[in-house]
Amino acid sequence: MTTLLTFFIKESIMRPMKRLFIFVFCLLGLVIFLWQAGDGEKTTTQAIFRMNLTAEPPTLDWSLATDNVSIRVIENLMEGLASYDEALRPQPAIAEGWDISPDGRVYTFYLRGDVFWSDGKQVTAHDFEYAWKRLLNPETASEYAYFLYDIKNAAAYNAGKIKDASLVGVKALDDRTLRVDLKKQAVYFPSITTFTATFPQRKDLIERFGDRWTSPENLVVSGPFLLAEWRHEYRLRLVANERYYGGRPALDEVIFYVVSEETTALTLYETGDLDRVSLPPIAIPQFKTHPDYVHAPFLRGYYYGFNLQIPPFDQVKIRRAFSMAIDRTEIPKILKGGEIPATSWIPEGMFAHNAKIGLSFNPEKARRLLADSGYENGVGLPPITLAFNSDPTNQLIAENIQAQWKKNLGVTILLDNLEWKVYLQRLREETPQIFRLGWGADYPDPDNFMNLFTSTSGNNYTHWANATYDQLISDAASEGDPKKRLRDYNRAQRILTESDVPIMPLFFAAQNLLISPDIEGLKVNAMDFIHLKKVRRRDVNREDAKKVKP
Amino acid sequence: MQSIFVLRFRRDPLAVLSLIVIVVLLLISVFGDLITPYAHDLQNADKSLLAPSAEHWMGTDLLGRDLFSRLIYGTRISMAVSLLTGFSALLLGTCYGAISGYVGGRLDNLMMRGVDVLYAIPDLLLIILITVVIGRGITGVFLALSLVGWITVARLIRGEVLRLKENAYVEAARAFGVKDMRILIKHILPNTLGVLIVTLTFRIPSAILAESTLSFIGLGLTPPAASWGSLANEGWKALKFYPHLIVFPSLAIFITMLAFNFLGDGLRDMLDPKQHKG
């Protein structure tokens with residue numbers, strides 16, 4: 015009986031148990047093996063910084079780049095004559111220093127002798143002369159050409175009125191001396207030389223490779239990082255430049271992933287695959303108490319522009335009505351990131367900011383203006399399309415503004431969203447009736463915001479031209495007396511946002527970020543510069559180095 | 038005859054329940070305006086992202102729009118698109134399949150190879166291509182889905198016609214000198230009705246799904262219009278923080294799909310002469 019029982023137990027319980035044990039052990043072994051194998055692949059002791067770009071950079075040619083995605087990459091590959099310190103004051107960079115003539119019209123930049131391109135050649139004053147003349151050359155068709163219009167004959171050369179580039183007031187006196195002749199005083203000129211469009215370029219390489227000079231195998235740079243890889247619509251990989259004159263950066267690599275979906279980027283941050291991410295509106299309330307949360311003001315304006323060449327926005331009354339019909343205080347409630355509603359254009363935190371300027375919300379007056387132009391309640395208006403580049407935030411704002419125009423004016427408008435590159439092309443070639451753009455400061459001076467809408471600005475897509483405005487901006491640029499300067503900017507802002515209204519400012523943005531605690535030295539500034547040369551990873555040099563996935 | 042169908046149908050409680058759900062959905066899509074507490078595009082920035090409450094049964098979205106109202110409105114769009122595309126695909130597919138099957142021979146071969154070519158292209162790819170060409174909006178979605186949906190129907194009907202045209206009564210009609218067109222319409226097509234109805238009940242949910250997919254990837258309706266798919270698209274981004282935005286649209290899609298599929302199953306059982314259970 016007992017033997018039968020033991021036999022029974024052995025056969026029916028122990029055997030299967032044993033098998034199960036063996037099976038579980040095997041499985042466990044396999045799991046551990048796979049775990050380690052997987053981990054081994056991903057482990058690296060390199061210091062890598064990873065963040066996302068919201069779109070594929072349209073170009074890496076710094077004469078042609080106008081958008082913040084391209085500029086974000088370029089500003090880590092290159093440097094100019096000057097660069098900003100943390101207080102956003104221009105400090106010598108490739109230039110050791112500069113002299114200004116007593117009348118403020120001649121700048122002489124003295125270049126360092128130890129700055130080299132990644133192919134070993136020295137960076138010379140000739141590279142700057144070439145780059146600046148290339149920027150101004152009408153054949154380059156750069157939208158940032160107007161940045162150098164303070165230089166003697168620059169505007170005329172860019173407009174094709176003079177053909178001889180040697181008349182333009184920029185000249186390399188020798189390899190290390192660059193002389194710049196301005197047509198009049200420009201108080202912010204050193205700031206301009208910090209901007210990507212003024213970075214030096216190599217004549218020999220651009221002539222040899224043509225349009226392909228910016229591809230990773232051809233691109234020669236002189237900044238803290240080198241472009242190692244550009245896999246389109248996926249990622250750009252930058253590696254430290256050993257020859258960088260300011261000393262090799264602490265990071266070994268920088269990877270920019272192209273992730274346009276903000277929530278996807280946020281998930282990647284949470285899984286530890288990105289080190290810095292910008293928060294989408296929907297996530298801000300939840301992350302306000304997160305230890306990695308960083309909130310900072312932003313010198314960035316967001317506006318809707320009108321195309322003055324197409325009805326109905328050729329009529330100023332209609333433009334005013336549309337601007338007046340928007341209650342801008344709704345925007346921060348939706349975006350939730352501490353945005354500042356704006357009716358004027360010079361952002362808060364900048365000289366000459368004046369919140370009192372602009373058309374305030376007044377639906378009755380807006381309706382009256384529309385009726386006065388013969389379109390009572392929008393009846394008889396041609397179909398109106400508002401275009402924006404595909405992005406959840408732009409979409410939200412567009413849907414809100416669409417509803418407000420419907421509610422306050424009775425006008426139904428259509429929305430059209432386009433991919434970033436296509437959108438930029440559309441703005442240039444076939445400007446939509448209403449379009450959305452943002453403007454982030456290239457240098458922290460109101461000139462940068464106001465000069466955008468001069469008739470000669472390549473970034474002015476409204477087709478608006480006002481001689482008085484142009485004159486005011488030009489006067490303010492060379493005005494040394496802050497009081498007079500302020501008066502000029504106030505007048506110009508009134509023309510821009512009250513009387514002519516080619517644009518309707520909507521709000522000044524704010525930065526709502528998550529930055530990994532492993533990252534050190536990533537300073538958040540109001541211009542959203544991400545200069546990675548001083549950034550380091552805390553976790554890589556430690557004993558218990560956290561594994562960083564490339 | 039009909040009473041047997043009804044009898045058999047009644048024995049399938051799932052199918053009856055599905056039918057009720059579908060009827061309710063149809064009523065909602067026609068009379069939805071009467072029950073929505075708010076307009077579907079009414080925004081209120083002060084009430085952004087509220088959780089479900091007595092005031093807003095399904096909560097609100099980022100722009101402060103009432104989700105329940107939007108879902109009801111979405112029902113109309115989703116049902117309209119799917120019914121219209123279902124019927125037009127059926128019409129197109131039946132004509133094509135019937136001609137191909139009845140005429141036979143070379144024409145049949147030619148027509149069916151055409152269908153094969155279209156069949157080889159993935160549906161979604163074809164739909165995306167068509168919407169890109171036609172443009173966004175409800176017409177684009179409708180045309181794209183109809184132009185894709187008929188292919189399956191054409192194949193089914195052709196097979197059915199091929200089988201039916203060998204029947205003795207067709208031969209008899211032919212012997213009497215009845216014209217081909219008349220034979221096809223009077224004698225063959227009525228017999229495909231069972232297959233047609235079942236196909237329709239399967240076409241509609243796949244059209245709902247296709248419309249949702251299109252709206253989800255951003256090729257569907259233009260805002261502020263909303264369908265279940267576009268609501269789900271807006272909602273998934275908030276999955277982690279405000280799950281109500283994704284749960285309700287998904288539930289609506291889910292329930293409708295189930296109802297149509299169960300109804301289709303029930304109808305097939307009912308109309309299938311080989312499945313006489315009693």
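Chains as they are written, first to last, in the working numbering: chain A, 15 to 564; chain B, 38 to 315.
Positions of the beta carbon are idealized from the N, C-alpha and C atoms, including for glycine.
Exercise. May I have the straight-line CA-CA distance separating residue 198 of chain B from residue 121 of chain B, to the nearest angstrom?
Key: Cα to Cα, residue 198 of chain B sits roughly 24 Å from residue 121 of chain B.
Exercise. Just mark residue 345 of chain A as buried or exposed, buried being the case when its beta carbon has 16 or more other beta carbons within 10 Å.
Key: That one is buried.
Quiz item: Is the Cβ-Cβ distance between residue 297 of chain A and residue 322 of chain A less than 7 Å?
Solution: In this structure, the beta-carbon distance from residue 297 of chain A to residue 322 of chain A does not fall below 7 Å.
Practice problem: From the DSSP output, read off the bridge partner residues of residue 185 of chain A. | Solution: Partner(s): A/193.
Practice problem: Alpha carbon to alpha carbon, how far is residue 305 of chain A from residue 413 of chain A? Give it in angstroms, no decimals. | Solution: Approximately 32 Å between the Cα atoms of the pair.
Practice problem: Please confirm whether residue 149 of chain A and residue 211 of chain A have their CB atoms less than 7 Å apart. | Solution: Pairing residue 149 of chain A with residue 211 of chain A gives a Cβ-Cβ distance under 7 Å.
Self-check item: Option nearest residue 547 of chain A by Cα separation, candidates A/83, A/99, A/76
Solution: Selected option, being the one with the closest Cα: A/99.
Quiz item: In angstroms, rounded to a whole number, what distance separates the CA positions of residue 90 of chain A and residue 238 of chain A?
Solution: Inter-residue distance for residue 90 of chain A and residue 238 of chain A is about 6 Å (C-alpha atoms, whole angstroms).
Practice problem: Return the CA-CA distance between residue 76 of chain B and residue 102 of chain B, expressed in angstroms with no decimal places. | Solution: Using only the alpha carbons, I get a separation of about 8 Å.
Exercise. Using a Cβ-Cβ cut-off of less than 7 Å, list which residues of the stretch 415-447 of chain A approach chain B; keep chain order.
Key: If the cut-off is 7 Å between Cβ atoms, the stretch 415-447 of chain A has 416, 417, 428, 429 near chain B.
Exercise. Quick one: grab the DSSP three-state call for residue 239 of chain B.
Key: Three-state DSSP puts residue 239 of chain B in a helix.
Quiz prompt | Beta-carbon gap between residue 313 of chain A and residue 491 of chain A smaller than 7 Å | solution = Not in contact: residue 313 of chain A and residue 491 of chain A (Cβ atoms no closer than 7 Å).
Practice problem: Output the distance between the C-alpha atoms of residue 250 of chain A and residue 502 of chain A, rounded to the nearest integer angstrom. | Solution: Cα atoms of residue 250 of chain A and residue 502 of chain A: separation of roughly 43 Å, rounded to the nearest angstrom.
Self-check item: Endpoints, the alpha helix (DSSP H) within which residue 372 of chain A is located
Solution: Note, residue 372 of chain A: premise wrong, no alpha helix (DSSP H); not H, not E.
Exercise. Under the assumption that residue 361 of chain A contacts residue 205 of chain A (Cβ atoms under 8 Å), give the Cβ distance between them as a whole number of angstroms.
Key: The beta-carbon distance between residue 361 of chain A and residue 205 of chain A, rounded to whole angstroms, is 16 Å. This is too long to meet the 8 Å contact definition.
Quiz item: Three or more beta-carbon pairs under 8 Å between the stretch 167-179 of chain A and the stretch 215-235 of chain A, yes or no?
Solution: Result no; under three Cβ-Cβ pairs closer than 8 Å.
Practice problem: Would you identify the three-state DSSP class for residue 281 of chain B, choosing helix, strand or coil? | Solution: Residue state, collapsed to three classes: helix.
Quiz item: If you compare alpha carbons, which of A/178, A/311, A/376 is closest to residue 418 of chain A?
Solution: Selected option, being the one with the closest Cα: A/376.
Quiz item: Taking the alpha-carbon positions, what's the residue 275 of chain A to residue 359 of chain A distance?
Solution: Whole-angstrom Cα-Cα distance: 29 Å.
Practice problem: Put residue 495 of chain A into one of helix, strand or coil per three-state DSSP. | Solution: In the structure shown, residue 495 of chain A sits in coil (DSSP, three-state: anything other than H, G, I, E or B).
Self-check item: Sub-7 Å separation of residue 424 of chain A and residue 403 of chain A beta-carbons
Solution: Inclusion of residue 424 of chain A and residue 403 of chain A in the CB contact set at 7 Å is not warranted, their separation being larger than that value.
Practice problem: Assess, as a yes-or-no matter, whether the stretch 181-188 of chain B is touched by the stretch 152-160 of chain B under the definition of 3 or more beta carbon pairs within less than 8 Å. | Solution: Three or more Cβ pairs closer than 8 Å define a contact, and the stretch 152-160 of chain B meets that threshold against the stretch 181-188 of chain B.
Quiz item: How about residue 275 of chain B: is its C-beta nearer than 7 Å to some C-beta of chain A?
Solution: Closer than 7 Å: yes.
Exercise. Could you list the residues in the stretch 339-355 of chain A with a C-beta less than 7 Å from some C-beta on chain B, going in chain order?
Key: Of all residues in the stretch 339-355 of chain A, the ones placed with a Cβ closer than 7 Å to any Cβ belonging to chain B are 344, 347, 348, in chain order.
Quiz item: When we look at the beta-carbon of residue 543 of chain A and count the other beta-carbons within 10 Å, is it buried (16 or more) or exposed?
Solution: Buried, since its Cβ has 16 or more Cβ neighbours within 10 Å.
Quiz item: What residues in its chain sit with their C-beta under 7 Å from that of residue 296 of chain B, if we drop five residues either side in the sequence?
Solution: Taking residue 296 of chain B as the centre and dropping the five residues before and after it, the same chain places the C-beta of 55, 58, 59 closer than 7 Å to its C-beta, in chain order.
Quiz item: At least one CB of chain B closer than 7 Å to the CB of residue 413 of chain A: is that the case?
Solution: Residue 413 of chain A belongs to the set of residues whose beta carbon lies under 7 Å from a beta carbon in chain B.
Practice problem: May I ask you to list, following chain order, the residues of the stretch 472-504 of chain A that have a beta carbon less than 8 Å from some beta carbon of chain B? | Solution: Interface annotation for the stretch 472-504 of chain A against chain B: empty, criterion Cβ-Cβ distance under 8 Å.
Self-check item: Neighbour flag for residue 251 of chain B against chain A, beta carbons, 7 Å
Solution: Taking Cβ atoms only, chain A never reaches closer than 7 Å to residue 251 of chain B, which makes this a no.
Quiz item: Using the C-alpha atoms, what's the distance from residue 71 of chain A back to residue 225 of chain A?
Solution: C-alpha separation (whole angstroms): 15 Å.
Quiz prompt | For residue 549 of chain A, the three-state DSSP class (helix, strand or coil) | solution = Residue state, collapsed to three classes: coil.
Quiz item: Taking 7 Å as the CB-CB limit, is residue 278 of chain B close to chain A?
Solution: Yes, because at least one Cβ of chain A sits closer than 7 Å to the Cβ of residue 278 of chain B.
Quiz item: Using a beta-carbon distance below 7 Å, is residue 227 of chain B in contact with chain A?
Solution: Taking Cβ atoms only, chain A never reaches closer than 7 Å to residue 227 of chain B, which makes this a no.
Quiz item: Any idea what DSSP makes of residue 164 of chain B, helix, strand or coil?
Solution: Under the three-state reduction of DSSP, residue 164 of chain B is assigned to helix.
Quiz prompt | Local conformation of residue 159 of chain A per DSSP, three classes | solution = Of the three classes helix, strand and coil, the one that applies to residue 159 of chain A here is helix, per DSSP.
Quiz item: Tell me which same chain residues have a C-beta within less than 8 Å of the C-beta of residue 55 of chain A, skipping the five on either side of it?
Solution: Low confidence applies here, because residue 55 of chain A scores a pLDDT of 42, under 50, leaving its location unreliable; read the following figure in that light. Contacts found: none.
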